[in-house]
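Q:
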Amino acid sequence: MASTYTESTGTQLLDHPVEAEPLRHRLPRQARTGAPLLGVTAMTAALGATGLATATAQAAPVPAPAPVTAADEAPDGLPAADPGLALAARILQQADGQRTSTEESARLAAAQEAEAKRADRQAETAAPAPADHSAPALPVADYRLAAPFAQAGAHWAQLHHGLDFAARTGTPVTAVTAGTVTAAGWSGTYGYRVIQTLPDGTELWYCHLSRISTAAGEATPATVLGTVGSTGSATAPHLHLEVRPAGGAPVDPLPWLRQLGLRP
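Note that our numbering has the sequence shown beginning at 4, numbered continuously upward.
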């Protein structure tokens, strides 16, 4: 039995049967408004090309650095483009500066010490020698000679037995030489008196004192025995000094003092 296939244009009769062809859904054709769509094969090829280019770029050898020229060097001769070398140079410069500063400070300190020692030597040379308290000294520092030994006058019942050192009241009176104070106190016409006995037995009488400053005991030329006054029969402040060898009769104090190297 024959099959019939009908189309819009008409009907045909076939001698043998024909299986009907299944219908296929066709997609509407897209308009070409942009770049053409790449197929899977084209996209794969493109990605492969990109990867190849990247690998080629990574595998390419790095060019060697250009040699340093004089124009690239810093003033100190180190490459200016290398920050590590520049930092090392600055550290070395700072260390040199610190070492130079330390050496300069040490030099100045040594110079100052030498100058101080020189000044000390000059001061020692210029300074007066310390007083020798063991050497004989005049009994009053600021005085004038008033009455010599053996002078006659209405003030004495006999000749003057001593040497007078006129000075202001309160002027210190010191021992002439080393000895022992054997008496100190009031003595009539002599007023306040201190007697000093020397090792050879000579007695020195310090008379008319306004005040006695020492008691019995050893005395040196630096020992203050009292102060100038006008006690006793004195009419004006002065020190009356008598020299009595072996505690006997008085002698002229002037030559005796000169024998000690003193010049009143």
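Glycine included, each C-beta is placed from N, C-alpha and C at the ideal position. For clarity, every value in this text was computed on a predicted model and none was experimentally measured.
If I measure Cβ to Cβ from A62 and keep anything under 6 Å in the same chain, skipping five residues before and after, which residues do I get?
A: Low per-residue confidence applies at A62: pLDDT is 48, beneath 50, and the placement is therefore not dependable, though the value from the model is reported in the following sentence. Cβ within range, chain order: n/a, list empty.
Q: For S213, does the three-state DSSP call read helix, strand or coil?
A: S213 falls in the strand class under three-state DSSP.
Q: Quick check: the Cα distance between R266 and E107, rounded to an integer number of angstroms?
A: Their backbone Cα atoms lie some 58 Å apart in a straight line.
Q: Inspect the beta-carbon positions of P224 and A149 and report whether they are closer than 7 Å.
A: Contact flag unset, no.
Q: Below 6 Å CB to CB, which residues in the same chain sit around T217 once its five sequence neighbours on both sides are set aside?
A: Same-chain partners within the cutoff: V184, L228.
Q: Measure the Cβ-Cβ separation of R261 and P253 and say whether it is below 7 Å.
A: Taking 7 Å as the Cβ cut-off, R261 and P253 do not qualify as a contacting pair.
Q: Over the uninterrupted beta strand (DSSP E) stretch that includes L257, give me the two end residues.
A: Where L257 is concerned, there is no enclosing beta strand (DSSP E), although the alpha helix (DSSP H) it sits in stretches over 256 to 262.
Q: Output the boundary residues of the beta strand (DSSP E) element that contains P202.
A: Run containing P202: none; DSSP gives neither H nor E here.
Q: Throw me the rounded Cβ distance for the E206 and G165 pair, which I believe falls under 8 Å.
A: Between G165 and E206 the Cβ distance is about 12 Å, and since that is not below 8 Å, they are no contact.
Q: Under the three-state reduction of DSSP, which class applies to L265: helix, strand or coil?
A: Residue state, collapsed to three classes: coil.
Q: State the Cα-Cα distance for the pair E118 and R102, rounded to the nearest angstrom.
A: C-alpha separation (whole angstroms): 24 Å.
Q: Give the secondary structure of P151 by DSSP, where H, G and I count as helix, E and B as strand, and everything else as coil.
A: DSSP places P151 in coil when its eight states are reduced to three.
Q: Do you know whose CA, among V176, A113, D167, L111, lies nearest P256's CA?
A: Of the candidates V176, A113, D167, L111, the one whose C-alpha sits nearest the C-alpha of P256 is D167.
Q: Would you tell me roughly how many angstroms separate the C-alpha atoms of P258 and G264, rounded to the nearest one?
A: Answer to the nearest angstrom: the Cα atoms are 10 Å apart.
Q: Taking only three categories from DSSP, how would you classify A222?
A: Reduced to three states, the DSSP call for A222 is strand.
Q: Cβ of Y209 within 7 Å of Cβ of G235?
A: Not in contact: Y209 and G235 (Cβ atoms no closer than 7 Å).
Q: Please report the straight-line C-alpha distance between A112 and L95, rounded to a whole angstrom.
A: For A112 and L95, the distance between alpha carbons rounds to 26 Å.
Q: Less than 7 Å separating the beta-carbons of I215 and A237?
A: For I215 and A237, no; Cβs fall outside 7 Å.
Q: Any beta carbon of chain B sitting closer than 7 Å to that of D99?
A: The structure shown contains no chain B, having only a single protein chain.
Q: Taking 8 Å as the limit between beta carbons, can you name the residues of its chain near G220, skipping five residues before and five after?
A: Same-chain partners within the cutoff: T183, V184.
Q: Find the nearest neighbour of L141 within the set S233, A170, D99, R121, judged by alpha-carbon distance.
A: Looking at the Cα atoms, A170 is the closest of the given residues.
Q: Taking 7 Å as the cut-off, decide whether the C-beta atoms of T230 and P175 are in contact.
A: Cβ atoms of T230 and P175: closer than 7 Å.
Q: Could you check where the beta strand (DSSP E) with V227 kicks off and where it finishes?
A: Looking at the DSSP string, the run of the beta strand (DSSP E) that includes V227 is 227 to 231.
Q: So if DSSP puts R247 in a beta bridge, which residue, or which two residues, is it bridged to?
A: Note: R247 sits in a beta bridge opposite E206.
Q: What residue from T226, H241, A153 has the CA that sits closest to Y195's CA?
A: Nearest C-alpha to Y195: H241.
Q: From what residue to what residue does the beta strand (DSSP E) around L166 run?
A: Unbroken beta strand (DSSP E) run through L166: 166 to 169.
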